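For my numbering, count along the sequence shown from 1 and bump the result up by 23.
Positions of the beta carbon are idealized from the N, C-alpha and C atoms, including for glycine.
Just so it is clear, the structure is predicted and the values come from calculations on it, not from any experiment.
Below is one structure, written out as structure tokens; comments come after it.
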Amino acid sequence: MGNLNYNLNFETLCTKYELGHLKNEPEQVTGGLLHRMYRLQTDKALYAVKALNPQIISGILPYPTVLFQKKFTDWCSQDYKRRTYL
């Protein structure tokens, strides 16, 4: 299957897209089911960065599994919105 670990190089990301210099260590934001989200504070601004799940992007997971995960994520999101407004 190869290396399916996340490849997170925030310094390179900031340099390539001219986001500024990191002020502190990126902080992982909780709540994602399929991918990872990080909060990046640079000397220019505060950014949210989504790191895509390499197993999903590489196509290792069968399509029905990915489709189920997407539908489940959407359902959870809708259910959460309904509960917060009740």
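Select from the options the residue whose C-alpha is nearest the C-alpha of residue i.
i      : options                           : result
Arg-59 : Asp-66, Tyr-70, Ala-74 and Lys-46 : Ala-74
Asn-28 : Gln-78, Asp-97, Asn-47 and Trp-98 : Gln-78
Gln-51 : Leu-42, Asn-30 and Ala-71         : Ala-71
Thr-65 : Phe-91, Thr-53 and Thr-35         : Thr-35
Tell me the residue span of the beta strand (DSSP E) that contains residue i.
i      : result
Lys-73 : 69-74
Rounded to whole angstroms, what's the CA-CA distance from residue i to residue j? Just pull it up for me.
i      : j      : result
Asn-76 : Leu-56 : 10 Å
Ala-68 : Cys-99 : 30 Å
Thr-38 : His-44 : 8 Å
Tyr-40 : Arg-62 : 16 Å
Lys-94 : Asn-47 : 35 Å
Scan the region 26-65 and note each continuous alpha helix (DSSP H) run of 4 residues or more that stays entirely inside, going in chain order. 33-39
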